[in-house]
Amino acid sequence: MASRAPAAKQKRREEIIDVATALLGSKGYGHTTMDDIAAAANVTKRTLYRYVPTKQDILPMIHERFLRAAEDLNYRYNSEDDPTKQVLTFIRSFVTVLVEHQNAVRVFFEEQYNLPPEARSKIVDRRDAFERGFRDLVRAGQRAGAFRQWDVDIAAFGVFGAVGSIYLWYSPSGEFGIEELSGLMSDLLVGGLAEAVPRASKRPHKRASRLEQTAEAVGVEPTKLPPPVIEAATRLFATRGYLETNTREIAEAAGVTKSGLFYHIGSKEDLLYALNLQFCLARLDDLRQVQASQGLGDPGSHFRRLVINHSRIMEKESASVRISLDQHRYLTEDNRARIDALHRQYVDGFERVIRDGIDAGVFKRVHPHVTALTLLGMLNWMSRWYRSSGRLTANQVGAVFADLFLQGLAEPS
Numbered sequence: 369m370a371s372r373a374p375a376a377k378q379k380r381r382e383e384i385i386d387v388a389t390a391l392l393g394s395k396g397y398g399h400t401t402m403d404d405i406a407a408a409a410n411v412t413k414r415t416l417y418r419y420v421p422t423k424q425d426i427l428p429m430i431h432e433r434f435l436r437a438a439e440d441l442n443y444r445y446n447s448e449d450d451p452t453k454q455v456l457t458f459i460r461s462f463v464t465v466l467v468e469h470q471n472a473v474r475v476f477f478e479e480q481y482n483l484p485p486e487a488r489s490k491i492v493d494r495r496d497a498f499e500r501g502f503r504d505l506v507r508a509g510q511r512a513g514a515f516r517q518w519d520v521d522i523a524a525f526g527v528f529g530a531v532g533s534i535y536l537w538y539s540p541s542g543e544f545g546i547e548e549l550s551g552l553m554s555d556l557l558v559g560g561l562a563e564a565v566p567r568a569s570k571r572p573h574k575r576a577s578r579l580e581q582t583a584e585a586v587g588v589e590p591t592k593l594p595p596p597v598i599e600a601a602t603r604l605f606a607t608r609g610y611l612e613t614n615t616r617e618i619a620e621a622a623g624v625t626k627s628g629l630f631y632h633i634g635s636k637e638d639l640l641y642a643l644n645l646q647f648c649l650a651r652l653d654d655l656r657q658v659q660a661s662q663g664l665g666d667p668g669s670h671f672r673r674l675v676i677n678h679s680r681i682m683e684k685e686s687a688s689v690r691i692s693l694d695q696h697r698y699l700t701e702d703n704r705a706r707i708d709a710l711h712r713q714y715v716d717g718f719e720r721v722i723r724d725g726i727d728a729g730v731f732k733r734v735h736p737h738v739t740a741l742t743l744l745g746m747l748n749w750m751s752r753w754y755r756s757s758g759r760l761t762a763n764q765v766g767a768v769f770a771d772l773f774l775q776g777l778a779e780p781s
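Basically my numbering = 1-based index in the sequence shown + 368.
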């Protein structure tokens, strides 16, 4: 009987972690209490503390579960001899892990602010080791002549961004099951690594700020907040998190009094909405300019311009991207619906360019919506790794990603 006690305790701990993962995935770390977890797990708070001493202890447990599942992929792709099949198996398997652990993945990427420093350091080391394994696969494919001589680091960042962002948009009740989705994404990404197509011609891009016209066109009221307030809130929300930042700190960082800040806003959430709104309007303005020139080139050049335009925002607006990805859940239901509607318009613009390429016989008959979301995941993930002080400009990274996708989309001759 005694020998079964540790196993029973571990099983109960795993059940509690299941419940905590679901709660943190849906409500966020800051909005979830130990009382919530105890109630959902159907245990007393005293019993809960026997398994999990503090709420902060839960985060490493959730991270550990996802990392362990990801690291277990090694045996799957190592069973293949062909480099292309190894990469294909890696991506298919990783997509499956991400979907099966969707809430844990959300917690992994969005709640790192709240990890204890020592735990965060260990988790980052394991994540880096996991990603190095994929880079080694790509290099092996290059040595075997199966893959083009991409910049391996940039290509790997792109693949992890495209795949890792699945948790933001995939729904188990949606159009695709895990197997079909993993097949679509792996075929597209491996095709991008392997196939060569002529590079589309580049066109100069001069972006004018027309956010008020764009806001009027999409039927929303543009933000009127002073730039210092926008800049301070963006910096603090991106580095510390929305819940961990208070209005006094924002006012001090913006160089205004707290009452001066509240002259412009009714609540802290108004600031979060304003930041998301400004970001969406800027992206829709980019999209409108590309659409205005669509009669001047082929679908490939329009696709390239969209990709490079989006990559450029990482030079100065990567913090805004992080807020859009990680803090979106803290918007009120009405404001979240408004931002989601604008985001859908932006995704629709990418889909239209992809459909144009399919209709023109330039692109394969891919699924436009999944392809657009995969591409935007790759681009937005730059906010997690790209540094303007690095060896490539955001423009150059965008060109690499555009090439990778254009090769994956190219209709074989």
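For glycine and all other residues, C-beta sits at the position ideal for the given N, C-alpha and C.
Exercise. Under three-state DSSP, which class holds Ala767?
Worked result: helix
Problem set entry | 3 or more residues per run - each beta strand (DSSP E) lying fully within the region 604-665 | none
Exercise. Can you tell me whether His431 is buried or exposed, with buried defined as 16 or more other CB within 10 angstroms of its CB?
Worked result: buried
For this session: Could you check what DSSP says for Phe544 in three-state terms: helix, strand or coil?
Result: coil
For this session: Report, in whole angstroms, the separation of the C-beta atoms of Phe718 and Leu674, which I expect to be a contact under 8 Å.
Result: Right, their Cβ atoms sit about 6 Å apart.
For this session: Using beta-carbon positions only, say whether Ala770 and Arg672 come within less than 8 Å of one another.
Result: yes
Exercise. Can you name, in chain order, every residue of its own chain whose Cβ lies under 6 Å from the Cβ of Arg567, other than the five neighbours on each side?
Worked result: The predicted position of Arg567 is uncertain, since its pLDDT is 39 and thus under 50; no value can be drawn from it.
For this session: Indicate whether Val467 and Tyr538 have their beta-carbon atoms separated by less than 8 Å.
Result: yes
For this session: Answer with buried or exposed for Ala376, where buried requires no fewer than 16 other C-beta atoms within 10 angstroms of its C-beta.
Result: exposed
Problem set entry | Reference Thr591; option with closest CA among Tyr641, Gly560, Leu557 and Ser554 | Tyr641
Problem set entry | Same chain, Cβ closer than 8 Å to Ile618, five either side skipped, listed in chain order | Val597, Ala600, Ala601, Leu604, Leu629, Lys636 and Leu639
Exercise. Among Leu743, Glu382, His399 and Val588, which one has its Cα closest to the Cα of Gln695?
Worked result: His399
Problem set entry | Limits of the alpha helix (DSSP H) - the one that Pro667 falls within | Pro667 to Lys684
Problem set entry | Glu685 burial status per 10 Å Cβ neighbour count (16 or more: buried) | That one is buried.
Exercise. Given 8 Å as the limit, is there contact between the region 698-717 and the region 757-772, that is, 3 or more CB pairs closer than that?
Worked result: no
Exercise. When DSSP labels each residue in this structure, what does Ala514 get in the three-state scheme?
Worked result: coil
Exercise. Where in the region 487-533 do unbroken runs of the alpha helix (DSSP H), each at least 4 residues long, occur, reported from the N-terminal end onward?
Worked result: 520-532
Exercise. Does the Cβ-Cβ distance between Ala606 and Met682 come in under 8 Å?
Worked result: Not closer than 8 Å, so no.
For this session: Assign Ala728 to one of three DSSP states: helix, strand, or coil.
Result: coil
Problem set entry | Cα-Cα separation between Phe528 and Asp493, rounded to whole angstroms | 16 Å
For this session: Compute the distance between the beta-carbons of Leu557 and Ile459, then report whether it is under 8 Å.
Result: yes
For this session: Quick one: residues in its chain with C-beta nearer than 8 Å to the C-beta of Asp519, no 5 flanking neighbours on either side, listed in chain order?
Result: Leu760 and Val768
Problem set entry | Paired residues, beta bridge with Ala778 - DSSP | Phe731
Exercise. Taking the Cβ atom as the reference point for each residue, do Asn748 and Leu693 lie within a distance shorter than 8 Å?
Worked result: Their beta carbons are under 8 Å apart, which means Asn748 touches Leu693 by this criterion.
Problem set entry | C-beta neighbour in chain E for His431, strict 8 Å | The question asks about chain E, but that chain is absent: this structure has only one protein chain.
Problem set entry | For Glu784, three-class secondary structure by DSSP | Residue numbering for the chain in the displayed model covers 369 to 781; residue 784 lies beyond these limits and cannot be assessed.
Problem set entry | Arg567, DSSP secondary structure in three states | Here the model assigns Arg567 a pLDDT of 39, short of 50, so the residue's position is not dependable and the matter cannot be decided.
Problem set entry | C-alpha distance - Thr582 paired with Ala660, whole-angstrom precision | C-alpha of Thr582 to C-alpha of Ala660: approximately 13 Å in a straight line.
Problem set entry | Beta-carbon spacing of Thr464, Ile546 below 8 Å | Taking the C-beta atoms as reference points, Ile546 is found nearer than 8 Å to Thr464.
Problem set entry | Closest by C-alpha distance to Pro736, when choosing among Ile722, Ser756, Leu743 and Met746 | Ile722
For this session: Leaving out five residues on either side along the sequence, give the residues of the same chain with a beta carbon under 7 Å from the beta carbon of Ser725.
Result: The sequence given here has Gly at residue 725, not Ser. If we look at Gly725 and ignore the five residues flanking it on each side, its Cβ neighbours are Pro667, Gly668, Phe671, Phe731 and Leu777.
For this session: With a threshold of 16 other CB atoms inside 10 Å of the CB of Asp504, please say whether the residue is buried or exposed.
Result: exposed
For this session: Could you say which of Ser751, Tyr610, Val715 and Ala621 lies nearest to Tyr481 if we only look at CA atoms?
Result: Closest by alpha carbon: Tyr610.
For this session: With a 10 Å radius around its C-beta and 16 neighbouring C-beta atoms as the bar for buried, classify Glu478 as buried or exposed.
Result: buried
Problem set entry | Contact set for Ala409: own chain, Cβ-Cβ below 6 Å, skip 5 residues either direction | Ile384 and Val387
Problem set entry | Bounding residues of the alpha helix (DSSP H) (the contiguous stretch that carries Val465) | Pro451 to Glu468
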